[in-house]
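Trainee: Have a look at this one before I ask anything.
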Amino acid sequence: MSDTYTPTGAAEQFIEHGEDIHDTKAPSGPIERRWEQRQFDAKLVNAANRRKIKIIVVGTGLAGASAAATLGEAGYHVTSFCYQDSPRRAHSIAAQGGINAAKNYRNDGDSVYRLFYDTVKGGDFRSRESNSYRLAQVSVNIIDQCVAQGVPFAREYGGLLDNRSFGGVQVSRTFYARGQTGQQLLIGAYQALERQVAAGTVEVHTRHEMLDLVMVDGKARGVIVRDMVTGEIESHTADAVVLASGGYGNVYFLSTNAMGCNVTATWRAHRRGAYFGNPCYTQIHPTCIPVSGDYQSKLTLMSESLRNDGRIWVPKKAGDDRHPRDIPEDERDYYLERIYPAFGNLVPRDIASRAAKYQCDDGKGVGPGGLGVYLDFADAIERMGRPAVEAKYGNLFDMYARITGEDPYTEPMRIYPAVHYVMGGLWVDYDLQSNLEGLFVTGEANFSDQGANRLGASALMQGLADGYFVLPTTIANYLAAGPFEPVPEDHPAVLEARQAVEERIQKLLAVDGNRTVDSYHKELGHIMWEYCGMERTEEGLTKAIGLIRELRDDFWKNVKVTGEAEELNQTLERAGRVVDFFELGELMCIDALNREESCGGHFRAESQTEDGEALRHDDRFAYVAAWEFGGEKPILHKEPLEYEYVEMKARSYK
Amino acid sequence: MKITVNVWRQKNADAKGEMVGYHLDDVSEDMSFLEMLDVLNEQLTLAGEEPVAFDHDCREGICGSCGVVINGIAHGPEVTTTCQLHMRSFKDGDVIDIEPWRAGAFPIVKDLVVDRGAFDRIIQAGGYISVNTGSAPEANNLPVPKEDADHAFAAATCIGCGACVAACPNGSAMLFTAAKVTHLGLLPQGQPERESRVASMVAQHDAEGFGSCTNIGECTAACPKGIPLDVISRLNRDLLGALAAGQA
Chain A
205 MSDTYTPTGA
215 AEQFIEHGED
225 IHDTKAPSGP
235 IERRWEQRQF
245 DAKLVNAANR
255 RKIKIIVVGT
265 GLAGASAAAT
275 LGEAGYHVTS
285 FCYQDSPRRA
295 HSIAAQGGIN
305 AAKNYRNDGD
315 SVYRLFYDTV
325 KGGDFRSRES
335 NSYRLAQVSV
345 NIIDQCVAQG
355 VPFAREYGGL
365 LDNRSFGGVQ
375 VSRTFYARGQ
385 TGQQLLIGAY
395 QALERQVAAG
405 TVEVHTRHEM
415 LDLVMVDGKA
425 RGVIVRDMVT
435 GEIESHTADA
445 VVLASGGYGN
455 VYFLSTNAMG
465 CNVTATWRAH
475 RRGAYFGNPC
485 YTQIHPTCIP
495 VSGDYQSKLT
505 LMSESLRNDG
515 RIWVPKKAGD
525 DRHPRDIPED
535 ERDYYLERIY
545 PAFGNLVPRD
555 IASRAAKYQC
565 DDGKGVGPGG
575 LGVYLDFADA
585 IERMGRPAVE
595 AKYGNLFDMY
605 ARITGEDPYT
615 EPMRIYPAVH
625 YVMGGLWVDY
635 DLQSNLEGLF
645 VTGEANFSDQ
655 GANRLGASAL
665 MQGLADGYFV
675 LPTTIANYLA
685 AGPFEPVPED
695 HPAVLEARQA
705 VEERIQKLLA
715 VDGNRTVDSY
725 HKELGHIMWE
735 YCGMERTEEG
745 LTKAIGLIRE
755 LRDDFWKNVK
765 VTGEAEELNQ
775 TLERAGRVVD
785 FFELGELMCI
795 DALNREESCG
805 GHFRAESQTE
815 DGEALRHDDR
825 FAYVAAWEFG
835 GEKPILHKEP
845 LEYEYVEMKA
855 RSYK
Chain B
-15 MKITVNVWRQ
-5 KNADAKGEMV
5 GYHLDDVSED
15 MSFLEMLDVL
25 NEQLTLAGEE
35 PVAFDHDCRE
45 GICGSCGVVI
55 NGIAHGPEVT
65 TTCQLHMRSF
75 KDGDVIDIEP
85 WRAGAFPIVK
95 DLVVDRGAFD
105 RIIQAGGYIS
115 VNTGSAPEAN
125 NLPVPKEDAD
135 HAFAAATCIG
145 CGACVAACPN
155 GSAMLFTAAK
165 VTHLGLLPQG
175 QPERESRVAS
185 MVAQHDAEGF
195 GSCTNIGECT
205 AACPKGIPLD
215 VISRLNRDLL
225 GALAAGQA
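The listed protein sequences correspond, in order, to chains A and B.
Note that our numbering has the first sequence beginning at 205, numbered continuously upward.
Note that our numbering has the second sequence beginning at -15, numbered continuously upward.
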């Protein structure tokens, strides 16, 4: 795309190279026939055999609960695990906006092909065409299924389903349930899951955390979990293992993720041989409530819809600490409207986020620590009247007022970007199977469908597509060869994994230093946010790798984990997760350093156009980076991406 | 500001618990209530004491994990979840009592953590529509009047936190149970199982050891999602229908 590109290969010192991946198991032929072809080619498991087959599902969010329920209905014996006290609390519940489906109920020109096209383009040409097409195809079945379960989607007066436009696309294809779509979809999946518990096909273990994967003869055959109430280490074996354990945004400490979200299940599988795909692809959401102090534990997202009527600005003068209402109009910089006159305040998430960072870097940020910009509704209130603004945004304004103690009707809101979603995750093929036989990965935990950037209302779609429709078909193809030889509890592989878990716990408790787990997690988060956040540079990433290694060494010398192993011990739980975040954070930095281009949520300062926009290098980086755990150095396997249907173009929002 | 908290400490389900007082010298009014507990736990850890165990996850009022009794009120002085309560609702020098949900059907696990597994079992008893994946008809084949859909949605916003049980003098979970009965009973999809659902969910509610509902209304006053008391009237009406049909 650019002839000025000069790669430096700065990542080479940290990595090794492995073989490329050429077969992802997607059928060839016309794209609209590929999924049907795969369904037809996939082997079936007869109903009598399903009863004898055991499947472990880790996680009970949209991707996990839907998979466990559907596999239970099919007659398999399913064992499900979640770290929460009820499967209904998984973090899918917090998704606000909606779920996309190519129903074309609005007759506005939408189609499966258009949703596919938008997904590939939105992912900045770093996702697979075959996967994205299947996602768009299956999207219509998801809505049917959820409605039949009783999910109370918004409706029109005629009683039919309502749609809205979301995330900057030109058609209205988003189904929603006020600002609580994730909650309603998850409750639907949870109810389907509990129905199977009652039917005896699914066993749910709440307050259990997966701490290792059991591999027997090259196949995933079980997990080691910790009962978080008693501290007991348990081994569970099965014919196949499904990881639906969500994303790893909490590597940044502060994110919009729930406090318990972690990478341990997928990271432990990675250490057992599963490839990690595109770990550096993170999505940073521009409209979150800023940090108010060092005690801050999480960030709260404010719906992106606020940018439809709010105007974003900062004072023109750096360090201007006057009250916003005392700053006259000509001393304000409505920077998005100035730089992007065509799209103004509605530019895509990554652009809006980065622009806010640049203003704050220049000392023009507002609020505590200068990390915030104003989102001002004064003009909207004057134009529409306060009642209209209340009707449209009342619940969001209330939420803002509750958290900040400020009244957004009389003074502008302060917003700042926050980590929200990760597109990276365990590498999977078209069947959602990792490179390890018998290990399947669904939802945010895999890397597959969103490329380098996810469109709004597409995460819920992917979680449910994977769990309700894709996995139940593809896993059968694998299980048709089963049931496999049972793995006894005292099998050497089980004992080895168990012992590794127990030793790690004892090691954590034995350090007995003088620094808290959270203080390390916060410091790691600072490093990641500073050097592997909205903008990444060769210098910063190289520095971050060194800092993370130092911090990890210090952790193992000075961390203080109170309490004992054989009890409910929340400090111990967090310590175990932080250990894995250290290793993941390092790999994210290495992946970001290796990807010497900007694409989607990954912005390398060295690779931008004259206008400061992301510049891809398709000739060198149109591949999935699938990392194999290599001890000292991770091993890079490249999966080339080919585009037969959508022409690769550069984005422009000016 | 300076705050004193008296916290229920209990090592495990079998241990005897007690209220223990702690002082915090530097509490910001912008902290959430749970961040205040985080600060306390950092302080305890550095002093070599065990931090206070409490349930929490999303910290944005939707997962239903958190919930403690603050100065005798479930979720504290504002009508919201504990995670959305902020320290600006308190003042310098305040003494705050923090206890777990108190209900026989929610046994204490440790400190402020209780076992709410009974809620899952009530849902297992019938809080669903029996439809297997793949068998659903086209979504728009079944129009639902907007008013019914909106009411069903309002009932479906229950987050299963358990504040209703903690607030009820009888320790009843009728608001939780009725919210689900109402959500599904208002929708055409929920009609085939309407009577059997209410009968088995109420039976499970009673089997779990929750108390009976005597229409006091403390539940709805404490509910962070504002689930209205009339869902219980609807449950009672459906239960009568089920009795008449010989289902209960």
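Note that beta-carbon positions come from the ideal geometry of N, C-alpha and C, so glycine has one too.
Remember, it's a predicted structure, so these values are computed and weren't measured experimentally.
#1: Would you mind giving the Cβ-Cβ distance between arginine 781 (chain A) and threonine 468 (chain A), rounded to the nearest angstrom? I have them listed as a contact below 8 Å.
#2: Shortest alpha-carbon distance to aspartate 583 (chain A) belongs to which of A:Tyr827, A:Ser652, A:Leu275 and A:Arg511?
#3: So which residues of chain B does valine 282 (chain A) contact, with C-beta pairs closer than 7 Å?
#4: Buried or exposed for glutamine 400 (chain A), going by 16 or more other Cβ atoms inside 10 Å?
#5: Compute the distance between the beta-carbons of glutamate 34 (chain B) and glycine 767 (chain A), then report whether it is under 9 Å.
#6: Could you check how far apart the C-beta atoms of glycine 263 (chain A) and leucine 447 (chain A) are, in whole angstroms? I think they sit under 8 Å.
#7: On the three-state DSSP scale, how would you describe glutamate 474 (chain A)?
#8: Which runs of the beta strand (DSSP E) spanning at least 3 residues fall entirely within the stretch 754 to 835 of chain A, listed in chain order?
#9: Can you check the stretch 101 to 150 of chain B for any beta strand (DSSP E) of at least 3 residues that lies completely inside it and give the ranges in chain order?
#10: Which residues does DSSP list as the beta-bridge partners of tryptophan -8 (chain B)?
#11: Please determine, among A:Asp815, A:Glu790, A:Glu814 and A:Asp823, the residue with the shortest C-alpha to C-alpha distance to glutamate 800 (chain A).
#12: Would you report the Cα separation of alanine 151 (chain B) and isoleucine 57 (chain B), rounded to the nearest angstrom?
#13: Assuming leucine 223 (chain B) contacts alanine 183 (chain B) under a Cβ cut-off of 8 Å, what Cβ separation, rounded to an integer in Å, is found between them?
#14: Judging by CA-CA distance, which residue of A:Thr677, A:Asp366 and A:Tyr620 is the nearest neighbour of leucine 458 (chain A)?
#15: Which stretch, first to last residue, makes up the beta strand (DSSP E) that contains aspartate 348 (chain A)?
#16: Quick check on DSSP: helix, strand or coil for arginine 181 (chain B)?
#17: From serine 206 (chain A) to leucine 819 (chain A), what distance separates their C-alpha atoms?
#18: Let me know the beta strand (DSSP E) ranges lying completely inside the stretch 559 to 589 of chain A, each 3 residues or longer, listed in chain order.
#19: Using the three-state DSSP reduction, which class does proline 483 (chain A) fall into: helix, strand or coil?
#20: Thinking C-beta only, is aspartate 289 (chain A) closer than 9 Å to aspartate 95 (chain B)?
#21: Compare the C-alpha of proline 532 (chain A) against each of A:Glu541, A:Gly497 and A:Pro519 and name the closest.
#22: Using CA atoms only, rank isn't needed, just tell me which of A:Lys521, A:Gly642 and A:Ile303 is closest to serine 340 (chain A).
#23: Leaving out five residues before and five after glutamate 535 (chain A) in sequence, what residues of the same chain have Cβ atoms less than 8 Å from its Cβ?
#24: Tell me which residues of the stretch 163 to 191 of chain B have at least one Cβ-Cβ distance to chain A shorter than 9 Å, keeping chain order.
#25: Just grab the DSSP bridge partners of isoleucine 54 (chain B) for me.
#26: In the DSSP assignment, find the unbroken beta strand (DSSP E) run with glycine 426 (chain A) in it and report its ends.
#27: Valine 406 (chain A) to tyrosine 321 (chain A), Cα distance in whole Å?
#28: Give me the chain A residues within the contact set of histidine 40 (chain B), using Cβ-Cβ distance strictly less than 8 Å, ordered along the chain.
#29: Cβ of isoleucine 113 (chain B) less than 9 Å from any chain C Cβ?
#30: List the whole-angstrom C-beta distance separating valine 721 (chain A) from alanine 779 (chain A), where the pair is believed to meet the contact cut-off of C-beta under 8 Å.
#31: Whose CA, out of A:Thr441, A:Cys803, A:Asn657 and A:Trp471, lies closest to the CA of alanine 697 (chain A)?
#32: How long is the line joining the alpha carbons of leucine 505 (chain A) and alanine 622 (chain A), rounded to whole angstroms?
#33: At a Cβ cut of 9 Å, what residues of the stretch 231 to 256 of chain A count as close to chain B, listed as they run along the chain?
#34: Which residues in chain B have a C-beta closer than 8 Å to the C-beta of leucine 772 (chain A)? List them in chain order.
#35: Whole-angstrom Cβ separation of arginine 558 (chain A) and glutamate 360 (chain A), contact assumed at under 8 Å?
#36: I'd like to confirm the pairing. Which residues does DSSP put opposite valine 418 (chain A) in its beta bridges?
Mentor: Taking the definition as stated:
#1: By one-based count along the first sequence, residue 781 (chain A) stands at place 577. By one-based count along the first sequence, residue 468 (chain A) stands at place 264. About 5 Å; that satisfies the 8 Å criterion.
#2: Counted from its first residue, the first sequence places residue 583 (chain A) at position 379. Ranking A:Tyr827, A:Ser652, A:Leu275 and A:Arg511 by Cα distance to aspartate 583 (chain A) puts A:Arg511 first.
#3: Start at 1 with the first residue of the first sequence, and residue 282 (chain A) comes out as number 78. Here the premise fails: no neighbours, minimum Cβ distance about 13 Å.
#4: Your numbering for residue 400 (chain A) matches position 196 in the first sequence. Buried: at least 16 other Cβ atoms inside 10 Å.
#5: As a position in the second sequence, residue 34 (chain B) is number 50, starting the count at 1. As a position in the first sequence, residue 767 (chain A) is number 563, starting the count at 1. A contact, by the Cβ cut-off of 9 Å.
#6: By one-based count along the first sequence, residue 263 (chain A) stands at place 59. By one-based count along the first sequence, residue 447 (chain A) stands at place 243. About 7 Å; that satisfies the 8 Å criterion.
#7: Mapped onto the first sequence, residue 474 (chain A) falls at position 270. Glutamate is not the amino acid found at residue 474 (chain A); the sequence shown has histidine there. Helix.
#8: 827 to 832
#9: Scanning the stretch 101 to 150 of chain B from its first residue to its last, no whole beta strand (DSSP E) run of 3-plus residues comes out.
#10: By 1-based counting over the second sequence, the position of residue -8 (chain B) is 8. Answer by DSSP bridge pairing, in chain order: B:Met3.
#11: Along the first sequence, read from residue 1 onward, the residue named residue 800 (chain A) stands at position 596. Of A:Asp815, A:Glu790, A:Glu814 and A:Asp823, the residue nearest in Cα terms is A:Asp823.
#12: Working through the second sequence from its first residue, we reach residue 151 (chain B) at position 167. Working through the second sequence from its first residue, we reach residue 57 (chain B) at position 73. C-alpha of alanine 151 (chain B) to C-alpha of isoleucine 57 (chain B): approximately 7 Å in a straight line.
#13: In the second sequence, residue 223 (chain B) corresponds to position 239, counting from 1. In the second sequence, residue 183 (chain B) corresponds to position 199, counting from 1. Contact flag correct, Cβ pair sits at about 7 Å.
#14: Position 254 of the first sequence, counted from the start, is the residue given in the question as residue 458 (chain A). It is A:Tyr620.
#15: By 1-based counting over the first sequence, the position of residue 348 (chain A) is 144. First-last for aspartate 348 (chain A): 333 to 353, but that is the alpha helix (DSSP H), not the beta strand (DSSP E).
#16: For the purposes of this step, residue 181 (chain B) is identified with residue 197 of the second sequence, where counting begins at 1. Three-state DSSP puts arginine 181 (chain B) in a helix.
#17: Here residue 206 (chain A) refers to the residue found at position 2 when the first sequence is read from its first residue. Here residue 819 (chain A) refers to the residue found at position 615 when the first sequence is read from its first residue. Note that serine 206 (chain A) scores 47 on pLDDT, short of 50, meaning its location in the model is unreliable and no value can be drawn from it.
#18: 577 to 580
#19: Translated into the one-based positions of the first sequence, residue 483 (chain A) becomes position 279. Coil at proline 483 (chain A), not helix or strand.
#20: Residue mapping note: residue 95 (chain B) aligns to position 111 of the second sequence, counting from 1. Residue mapping note: residue 289 (chain A) aligns to position 85 of the first sequence, counting from 1. No. Outside cutoff.
#21: On the first sequence, position 328 is the one that residue 532 (chain A) refers to. Put simply, of A:Glu541, A:Gly497 and A:Pro519 the residue whose alpha carbon is nearest the alpha carbon of proline 532 (chain A) is A:Pro519.
#22: Along the first sequence, one-based indexing puts residue 340 (chain A) at 136. The residue asked about is misnamed: residue 340 (chain A) is alanine in this sequence, not serine. For alanine 340 (chain A), the nearest C-alpha among the options comes from A:Ile303.
#23: On the first sequence, residue 535 (chain A) is found 331 positions in, with the first residue counted as 1. Around glutamate 535 (chain A): Pro519, Lys520, Lys521 and Asp524.
#24: Lys164, His167, Leu168, Leu170, Leu171, Gln173 and Gly174
#25: Residue 54 (chain B) sits at position 70 when you count from the first residue of the second sequence. Isoleucine 54 (chain B) pairs with B:Ile57 and B:Ile82.
#26: Walking along the first sequence from the start, residue 426 (chain A) turns up at place 222. Start and end: 423 to 431.
#27: Position 202 of the first sequence, counted from the first residue, corresponds to residue 406 (chain A). Position 117 of the first sequence, counted from the first residue, corresponds to residue 321 (chain A). Going by the C-alpha atoms only, they are around 37 Å apart.
#28: Position 56 of the second sequence, counted from the start, is the residue given in the question as residue 40 (chain B). Within 8 Å Cβ-Cβ: Met463.
#29: Of the chains in the structure shown, none is chain C; the protein chains are A and B.
#30: Taking the first sequence and counting its residues from 1, the one referred to as residue 721 (chain A) is at position 517. Taking the first sequence and counting its residues from 1, the one referred to as residue 779 (chain A) is at position 575. That belief holds up - the Cβ atoms of valine 721 (chain A) and alanine 779 (chain A) are roughly 5 Å apart, short of 8 Å.
#31: For the purposes of this step, residue 697 (chain A) is taken as the residue at position 493 of the first sequence. Of the candidates A:Thr441, A:Cys803, A:Asn657 and A:Trp471, the one whose C-alpha sits nearest the C-alpha of alanine 697 (chain A) is A:Thr441.
#32: The residue you call residue 505 (chain A) lines up with position 301 of the first sequence. The residue you call residue 622 (chain A) lines up with position 418 of the first sequence. Near 8 Å, if we compare the C-alpha coordinates of alanine 622 (chain A) and leucine 505 (chain A).
#33: none
#34: Taking the first sequence and counting its residues from 1, one reaches residue 772 (chain A) at position 568. Result: Asn(-4), Ala37, Val93, Lys94 and Val97.
#35: On the first sequence, residue 558 (chain A) is found 354 positions in, with the first residue counted as 1. On the first sequence, residue 360 (chain A) is found 156 positions in, with the first residue counted as 1. Rounded, the Cβ-Cβ distance is 38 Å, inconsistent with contact.
#36: Within the first sequence, residue 418 (chain A) is the residue found at index 214, counting from 1. Valine 418 (chain A) pairs with A:Gly426.
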